[in-house]
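J.: Okay, handing you the structure first.
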């Protein structure tokens, strides 16, 4: 790992910018290595990830690994997979029991300079509307469904637009069977290629 990235990760893990603005104390959760070939740009850690200290250490992580057809060992190897959420800390729950949006100051403070240190990325997964909005900007479509539906527009850059793998999105997956039929085979092929020796 580069010294610059190591220093950056130490600063992020010590960050307390959001202290007092969330239900829990700050607990930045991410993984990165300058050699990582896959970048997962997600929303923010959930409750179980916050408790375990590991990104996607919950049922949504199991679903995401299934989508990627990747082992847990490879998924949690930062030399292979970087996981850089839009917010590094669990933001707490909203009144409906869903996760609150990631804290904006997190991406404003850390994102660009951290991404610049990930120099070996071959494939990027943009998971959810927050990551898609930040990374795609004006190229993002009118809704998450339309952005994911137009996935082929981004694959020349080896970017995949995905819904969140949360079990709350099971009905979305049932309403949009094209996702599993069209997107996942291409995603899996790109992941295999990126991780090949």
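Residue numbers (this note's numbering): 4 to 200.
We treat Cβ as the ideally placed atom computed from N, Cα and C, and that holds for glycine.
Could you check what DSSP says for residue 44 in three-state terms: helix, strand or coil?
T.: For the purposes of this step, residue 44 is taken as the residue at position 41 of the chain shown. Residue state, collapsed to three classes: strand.
J.: Take every Cβ of the stretch 113 to 122, pair it with every Cβ of the stretch 87 to 99, and state whether three or more of those distances are shorter than 8 Å.
T.: Yes, the stretch 113 to 122 is in contact with the stretch 87 to 99.
J.: Going by C-alpha to C-alpha distance, which of 107, 48, 179, 25 sits closest to residue 58?
T.: What you label residue 58 is simply residue 55 of the chain shown in a count that begins at 1. That would be 48, whose Cα lies nearest to the Cα of residue 58.
J.: Could you give the DSSP three-state label for residue 77: helix, strand or coil?
T.: As a working note, residue 77 is residue 74 in the chain shown. In this structure, residue 77 counts as helix in the three-state DSSP scheme.
J.: Are the beta-carbon atoms of residue 94 and residue 25 separated by less than 9 Å?
T.: Residue 94 sits at position 91 when you count from the first residue of the chain shown. Residue 25 sits at position 22 when you count from the first residue of the chain shown. In this structure, residue 25 lies closer than 9 Å to residue 94 by Cβ.
J.: Taking the alpha carbon of residue 182 as the point to measure from, which residue in 70, 124, 50 has its own alpha carbon closest?
T.: For this step, residue 182 is matched to residue 179 along the chain shown. That would be 70, whose Cα lies nearest to the Cα of residue 182.
J.: Any idea what DSSP makes of residue 69, helix, strand or coil?
T.: On the chain shown, residue 69 is found 66 positions in, with the first residue counted as 1. Note: residue 69 maps to helix in three-state DSSP.
J.: In chain order, what residues of the same chain have a beta carbon less than 6 Å from the beta carbon of residue 18, not counting five sequence neighbours either side?
T.: The count along the chain shown starts at 1 and reaches residue 18 at position 15. The answer, listed in chain order, is 31.
J.: Could you tell me whether the stretch 164 to 178 touches the stretch 128 to 139, using the rule of 3 or more Cβ pairs below 8 Å?
T.: With the cut-off at 8 Å, the stretch 164 to 178 and the stretch 128 to 139 touch.
J.: Identify the continuous beta strand (DSSP E) that holds residue 1 and give its terminal residues.
T.: The structure shown does not extend to residue 1, since the chain is modelled only from 4 to 200, so the question has no answer here.
J.: How many whole angstroms separate the CB atoms of residue 72 and residue 194, which I take to be in contact at a CB cut-off of 8 Å?
T.: By one-based count along the chain shown, residue 72 stands at place 69. By one-based count along the chain shown, residue 194 stands at place 191. So it is a contact: roughly 7 Å between Cβ atoms.
J.: Quick one: measure Cβ to Cβ for residue 42 and residue 124, integer angstroms, because I've assumed they're closer than 8 Å.
T.: Indexing the chain shown from 1 puts residue 42 at position 39. Indexing the chain shown from 1 puts residue 124 at position 121. Between residue 124 and residue 42 the Cβ distance is about 5 Å, and since that is below 8 Å, they are a contact.
J.: Locate the alpha helix (DSSP H) running through residue 115, then write down its first and last residues.
T.: Here residue 115 corresponds to residue number 112 of the chain shown, with the count starting at 1. Segment 107 to 118, the alpha helix (DSSP H) holding residue 115.
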